[in-house]
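Below: one structure, written as structure tokens.
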Amino acid sequence: MIDGRKVAVVLPAYNAALTLRRTVAEIPRDIVDDVILIDDYSRDDTIAVARELGLHIVCHPANRGYGGNQKSCYETALTRGADIVVMLHPDYQYSPRLVRAMAAMIASGHYDAVFASRILGQGALAGGMPLYKYVANRMLTAFQNLVMGQKLSEYHTGYRAWSRTVLERLPLRTCSDDFVFDNQMVAQTTWFGFRIGEISCPTRYFAEASSIDFRRSCTYGLGVLGTAIAYRLARWGLRPSALFAVEDETLLMPAPAPVPIRVAA
Numbered sequence: 005m006i007d008g009r010k011v012a013v014v015l016p017a018y019n020a021a022l023t024l025r026r027t028v029a030e031i032p033r034d035i036v037d038d039v040i041l042i043d044d045y046s047r048d049d050t051i052a053v054a055r056e057l058g059l060h061i062v063c064h065p066a067n068r069g070y071g072g073n074q075k076s077c078y079e080t081a082l083t084r085g086a087d088i089v090v091m092l093h094p095d096y097q098y099s100p101r102l103v104r105a106m107a108a109m110i111a112s113g114h115y116d117a118v119f120a121s122r123i124l125g126q127g128a129l130a131g132g133m134p135l136y137k138y139v140a141n142r143m144l145t146a147f148q149n150l151v152m153g154q155k156l157s158e159y160h161t162g163y164r165a166w167s168r169t170v171l172e173r174l175p176l177r178t179c180s181d182d183f184v185f186d187n188q189m190v191a192q193t194t195w196f197g198f199r200i201g202e203i204s205c206p207t208r209y210f211a212e213a214s215s216i217d218f219r220r221s222c223t224y225g226l227g228v229l230g231t232a233i234a235y236r237l238a239r240w241g242l243r244p245s246a247l248f249a250v251e252d253e254t255l256l257m258p259a260p261a262p263v264p265i266r267v268a269a
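Shown next, in the form of structure tokens:
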């Protein structure tokens with residue numbers, strides 16, 4: 005725990021058997037109370053390795069996509085009582101040793117969400133990020149900062165920490181089950197006025213690390229543009245968006261039904 009808050013690390017996994025051990029080995033267990041792996045119908049030995057490591061495992065009976073996996077990650081962590089949830093890819097692309105710093109930033113009370121940025125500093129290209137991805141990252145981030153009125157260094161990191169309050173408040177079920185889920189979640193976080201902090205993070209690109217191909221990167225980029233535009237139009241009151249509509253059915257953890265009050269006869 006940190007300051008009495010239960011910390012959970014969630015691992016959205018798909019064919020992560022080759023990198024899972026290295027990732028888990030660097031998670032700071034002295035402050036992490038729960039490590040949860042959600043397996044999205046992997047075709048390799050991910051589940052066997054996770055069992056060997058003693059992780060809490062949830063297995064999808066079919067592939068639900070990257071966004072669908074994250075929804076399961078956060079819902080499971082909340083159900084198991086987490087106060088701070090750190091989402092870490094099990095492909096060893098990001099440094100698990102930063103879990104401590106990210107969780108502490110939320111526990112400090114200054115931030116509701118913390119993003120590990122590959123762009124702060126000079127870690128992205130030095131770590132092997134393909135040039136076209138770096139350029140696209142910078143262009144999309146600049147566009148979103150302009151349209152959404154923010155000052156983030158990047159919107160596209162897959163390494164994030166969240167307070168329980170954020171995860172209970174955001175209508176995450178309205179988000180995509182594909183890769184654009186990440187970006188839609190950021191838009192929701194800013195829409196509801198939550199405080200976002202950033203921390204510099206080194207990154208590693210290597211053969212075993214997961215990465216989407218050029219075609220899916222283009223699809224993701226178009227989704228990012230659409231999310232930013234939907235945000236701005238909704239802010240102007242020109243076109244409401246389901247992404248920012250809170251109903252019980254759009255929340256991961258619907259509010260409990262009110263307890264009826266008994267009136268004495």
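With the sequence shown counted from 1, adding 4 to any position gets you our numbering. Positions of the beta carbon are idealized from the N, C-alpha and C atoms, including for glycine.
- prompt: Taking the continuous beta strand (DSSP E) assigned at residue 202, which residues delimit it?
  reply: 200 to 204
message: I'd like to check one pair, residue 165 with residue 106: are the Cβ atoms closer than 7 Å?
response: yes
field: Extent of the continuous alpha helix (DSSP H) to which residue 139 belongs
entry: Per DSSP, the unbroken alpha helix (DSSP H) holding residue 139 starts and ends at 135 to 152.
task: Report buried or exposed for residue 92, applying the criterion of at least 16 other Cβ atoms within 10 angstroms of its Cβ.
output: buried
message: Rounded to whole angstroms, what is the Cα-Cα separation between residue 162 and residue 249?
response: 24 Å
- request: Could you say which of 216, 37, 148, 36 lies nearest to residue 136 if we only look at CA atoms?
  value: 216
- prompt: Going by C-alpha distance, which of 147, 6, 247, 183 is nearest residue 270?
  reply: Past the boundaries of the shown model lies residue 270; the chain is included only from 5 to 269, so the question cannot be answered.
query: From residue 143 to residue 239, what does the alpha carbon distance come to, in whole angstroms?
result: 22 Å
task: Return the CA-CA distance between residue 95 and residue 116, expressed in angstroms with no decimal places.
output: Answer to the nearest angstrom: the Cα atoms are 25 Å apart.
task: Kindly indicate which residue of 98, 158, 160 has the alpha-carbon position closest to the one of residue 131.
output: 98
message: If you reduce the DSSP assignment to three classes, tell me which class residue 217 lands in.
response: coil
query: Does the region 144 to 151 come close enough to the region 50 to 61 to have 3 or more Cβ pairs within less than 8 Å?
result: no
message: I'd like to check one pair, residue 49 with residue 19: are the Cβ atoms closer than 7 Å?
response: no
message: Bridge partners for residue 98 per DSSP, in chain order?
response: 207
field: Contiguous beta strand (DSSP E) assignments of at least 3 residues, all confined to the region 7 to 59
entry: 11 to 17, 38 to 43
message: Just to confirm, is the Cβ distance from residue 201 to residue 109 under 7 Å?
response: yes
message: In this structure, how does DSSP classify residue 120 when only helix, strand and coil are distinguished?
response: strand
field: DSSP beta-bridge partners of residue 91
entry: 14, 164
Cα-Cα separation between residue 268 and residue 8, rounded to whole angstroms: Reliability fails at residue 268, whose pLDDT of 49 lies under 50, so the model's placement of it is uncertain and no value is given.
message: On the DSSP bridge list, what partners appear for residue 62?
response: 42
- request: Assign residue 243 to one of three DSSP states: helix, strand, or coil.
  value: Looking at residue 243 - three-state DSSP - the assignment turns out to be coil, as it is neither helix nor strand.
task: Indicate, with yes or no, if the ligand GTP has a heavy atom lying under 6 Å from the CB of residue 171.
output: Of the ligands one can find in the structure shown there are none, so the ligand GTP has no counterpart to examine.
- prompt: In three-state DSSP terms, what is residue 189?
  reply: helix
task: Can you give me the Cβ contacts of residue 228 inside the same chain, cut-off strictly under 6 Å, excluding the 5 residues immediately before and after it?
output: 144, 187
- request: Compute the Euclidean distance between the alpha carbons of residue 158 and residue 119, then round it to the nearest angstrom.
  value: 9 Å
- prompt: Pick from 21, 69, 111, 45: whose alpha carbon is nearest that of residue 12?
  reply: The candidate whose alpha carbon is nearest that of residue 12 is 111.
- prompt: So, using beta-carbon positions, are residue 31 and residue 89 closer together than 7 Å?
  reply: Going by C-beta atoms, residue 31 is not nearer than 7 Å to residue 89.
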